[in-house]
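Okay, so here's the structure we're looking at.
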């Protein structure tokens, strides 16, 4: 490397770099600085959206209300003789209602979920169970979709990178899911997932003898997230595939010729040549897909509405319906922090740092 | 070289900027004029007159911006209305804009405009649950001439709903209410001589018809469909179950939390018992359109829905065309029927530069003649003026309207004015817990107790019996 | 013989995969087309039909009124124009500006590179709804018309994306080309636009395409910024707010028809540009 190429050249290069970066920074800062600053600021107030009610500074109160959690032991229900009541059918121990053990003062905790540990039942309480659930659901959603999209996207990219008749046609086809506006495709999927035989899935399952044609995909909690993941994987795999395809095409073909001569099989070629060379592309694709998936909004808002929230749709309903601007700003900041954790982890583990040039 | 390259790039940039900007200028109807700061109270902004294509820019001409309904038949009617108004009032020109279809999108848009104190919107349509929430951004109609006389002819319940702390913030425009749709052919087939008066009767009829139809091979047939997804619509449905069982209105108009009572708990448990029996399990993801589709395909004996479904069910390819009728919803006992009040009002923004002109237009839009015209228009909007229910033309062309007068006069309002500006949160707490009951995760009694606790936290109102 | 057999099996396997992939990608799209040819009554049929059929006679019958409604809808046609203007401008601007940044980040040596990358990324780490209120207030105060507003604000999402992706691609290019050009006396900037830029053509096309589609499909900002300017509305806003006869009705068939019609220009665009991707590939072969 031309490290000693003269400090003059290095300085010229540095100056050029700053000039080239300037437009990006000017534009981004001009657009974003005011909104971002106001989100941070508002998150420490009790501001009500579009209201003349006086705004007060409330410190970390919004964050406290969003994130406070507690775990309490749940005692079993006892009969007159002081023995635990057992369900005669299932033999399961009956527990007290979670509401009775969770604290009410100074702020009320509501039950999120219950779990067993060493034979004791515990209840997880939170001041805002909807938000805690939204964070958990969104993270599960993001991890599942990004993983599936990466695997499927890689397969698709490898296929359309292969040489076959009609390749151009296939390349156009794989973009179709991405090209339909989310506002339309989400409604279409909601219709396909109808809980009766007007929906595609219930009809097909019924033809196959699975279910009675009345599976409530969108209101049964067990089906909700899998349905969302399926829709998103269908919709965004093309994005991943196209990025990976572009990466594949930057790999010079002669490398493979050399490998062919060495007698390396296609699987070994993929893991030893393609994957390492694609590392940079994969890293960028992963970062952007993960951030997008964590910010998922339209899909949840259109298909699930208020049945189940993503972090962003929770923020939306807090702002537009409940008009809690301070509170929704705080949740935006929390989203920002969750995203930062993911971004930094990716950059560290995939080596997307570039000061080593 | 470097220069030339830079030149090319900047040319590209400029080009795309120009490309981006050009539709703003030469287009026949320019986009939003730059709004001056909201505090400035100029009588007629010169920029605003340019936006009016019908009238030439003139001194003394006021231009109003009216955010109308979403695109569709109602918008078509509004457009004709605006044309008629513009022709008759050369000094007050109105520019009608298509609003979003979804109510959530619409209130989001109003709130963004109010937050920015924008004078871009003068006159707007307001859902029956919004007056309390939006009151601080709307003018008080009582401060203007002729209003008190005009609203004297409206349903008093709606006027009361639109009155916030003594200020009338919306003029009643058209109303809406929950109805029971029933299949006349099936009732006859199974030997029932009329629609059900009580919930017990409805359950029994629905079960009989469902069993019979399924035995004849229609496996998709259900007795009763309604709206069970967790959204504002569930609040409407559940309020009807509770109120018609003597369980009150969640929060009473005099600000007492009344939800925690046995009648309310029982009503919720009853609704839960329908699911899987006479109501499809998927009802917990049903909004209006999903339930209507079941009905439209001829797969339901009864449906709870709004009047809009009437015209669609009479459409040419409807499986229930001429085989159904509408009536009041059942009650716990005969005569305890309740319909949740829906409908829309006209409001005028406080940030409007021409409130007098806007009020004039609002009064005209809600006048008896115009309400009659909108009732006879293809969207059949239901009048708020009592006198129109004895109008011969309406009786002839919209026979169901006069018949439903009792339903609309006794419609029960959601507690939106009492809980303002926290109605949305109130409703959210209510329907989320009702949803827990419908999905079998909570009993009716637990749900009403939880709602009471949550509402105490939120509103700080006292607790009492309905 | 074995290699021939092996080759044939590989070929068959590839085609199986291609067919599977096409079905998976296309089936929901097919379902949208199927639904777009159905009337209200056909949509309500149980069990649902894989081809539009008359609810009574069960004959195959195509209901074309949804498409008539789409094509006679003035707003829809205007929406296409608006969407093209917005998405094209956003894409061109983001590519131009993003390729500057990408080159600097991918190939030039300077201090604070990691920090730069983080800052650019941080701009997209807020949910759109969080920045919307601030943006709306800003735009309202400055009096920016809706179309430029959309173009400017979409950059908030497309610019970091293009900058990052192009950074990755610039970095993949062999440093030797860059260095040998410099040794030949070319300035870094000359190296950038004469040598590096053409080499990344496939990346530029791909990134541009993805940014274009992102801007084409955006809903929330478009809805808010065009609230009082219906003439500036883009396709997603118009489709989501399609005319219905009654206020609570959702004209599902028409929405599907609108969605399909609006994706046709995009598919055409991909057809045109996928050749370009191949062209970029052959251009890249020169470097060997």
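Chains as they are written, first to last, in this note's numbering: chain V, 169 to 525; chain B, 100 to 565; chain C, 22 to 309.
Quick reminder that beta carbons are idealized off the backbone N, C-alpha and C, glycines included.
Owing to the predicted nature of the structure, the values given are computational and were not obtained by experimental measurement.
Opening and closing residue of the alpha helix (DSSP H) in which residue i lies
i	result
residue 174 of chain C	167-193
residue 370 of chain V	368-375
residue 225 of chain B	Not the alpha helix (DSSP H): residue 225 of chain B falls in the beta strand (DSSP E), residues 222-226.
residue 492 of chain B	491-496
residue 474 of chain B	467-475
residue 558 of chain B	543-558
residue 361 of chain B	361-373
residue 180 of chain V	175-210
residue 340 of chain B	331-342
Residue i, buried or exposed, once every other Cβ within 10 Å from all chains shown has been counted against 16
i	result
residue 340 of chain B	buried
residue 421 of chain V	exposed
residue 374 of chain V	buried
residue 233 of chain C	buried
residue 31 of chain C	exposed
residue 529 of chain V	Outside the shown range of chain V (169 to 525) lies residue 529 of chain V, about which nothing can therefore be said.
residue 306 of chain V	buried
residue 177 of chain B	buried
residue 290 of chain C	buried
residue 405 of chain B	buried
residue 271 of chain B	buried
residue 304 of chain V	exposed
residue 344 of chain V	buried
residue 58 of chain C	buried
residue 111 of chain V	Here chain V comprises residues numbered 169 to 525, so residue 111 of chain V is not present and cannot be evaluated.
residue 78 of chain C	exposed
Rounded distance between the beta-carbons of residue j and residue i, thought under 8 angstroms
i	j	result
residue 527 of chain B	residue 329 of chain V	Not quite, the Cβ-Cβ distance comes to about 49 angstroms (not below 8 angstroms), so this is no contact.
residue 318 of chain V	residue 227 of chain C	17 angstroms between Cβ atoms; not a contact.
residue 426 of chain V	residue 386 of chain V	Residue 426 of chain V to residue 386 of chain V, Cβ: 53 angstroms. No contact.
residue 584 of chain B	residue 302 of chain B	Residue 584 of chain B lies beyond the stretch modelled for chain B, which goes from 100 to 565, so this question has no answer here.
residue 328 of chain B	residue 386 of chain B	5 angstroms
residue 174 of chain B	residue 354 of chain B	38 angstroms between Cβ atoms; not a contact.
residue 493 of chain V	residue 268 of chain V	That belief does not hold up - the Cβ atoms of residue 493 of chain V and residue 268 of chain V are roughly 34 angstroms apart, past 8 angstroms.
residue 428 of chain B	residue 343 of chain B	7 angstroms
residue 217 of chain B	residue 450 of chain B	6 angstroms
residue 152 of chain C	residue 207 of chain V	7 angstroms
residue 146 of chain V	residue 243 of chain V	Beyond the ends of chain V as shown, which are 169 and 525, falls residue 146 of chain V; an answer cannot be given.
residue 444 of chain B	residue 261 of chain B	6 angstroms
Three-state secondary structure (DSSP) of residue i
i	result
residue 244 of chain V	strand
residue 55 of chain C	helix
residue 204 of chain B	helix
residue 430 of chain B	strand
residue 252 of chain V	strand
residue 266 of chain C	coil
residue 86 of chain C	helix
residue 444 of chain B	strand
residue 237 of chain V	strand
residue 404 of chain B	strand
residue 255 of chain B	helix
residue 152 of chain B	Model confidence at residue 152 of chain B stands at a pLDDT of 42, short of 50, so the residue's coordinates are unreliable; what they give is reported in the following sentence. Coil at residue 152 of chain B, not helix or strand.
residue 195 of chain B	strand
residue 362 of chain V	coil
residue 501 of chain B	helix
Boundaries (first-last residue) of the beta strand (DSSP E) holding residue i
i	result
residue 274 of chain B	270-276
residue 293 of chain V	288-294
Chain C contact residues for residue i, given Cβ-Cβ distances below 8 angstroms
i	result
residue 295 of chain V	In chain order: nothing, as chain C lies at least about 21 angstroms away.
residue 367 of chain V	69
Chain-ordered neighbours of residue i on chain C, where CB pairs are closer than 7 angstroms
i	result
residue 171 of chain B	264, 265, 266
Beta-carbon neighbours of residue i, restricted to chain V and to distances below 7 angstroms
i	result
residue 33 of chain C	Near residue 33 of chain C there are no residues of chain V at all, since even the closest Cβ is about 12 angstroms away, more than 7 angstroms.
Closer than 9 angstroms at the beta carbon, the chain C residues around residue i
i	result
residue 395 of chain B	61, 62, 64, 65
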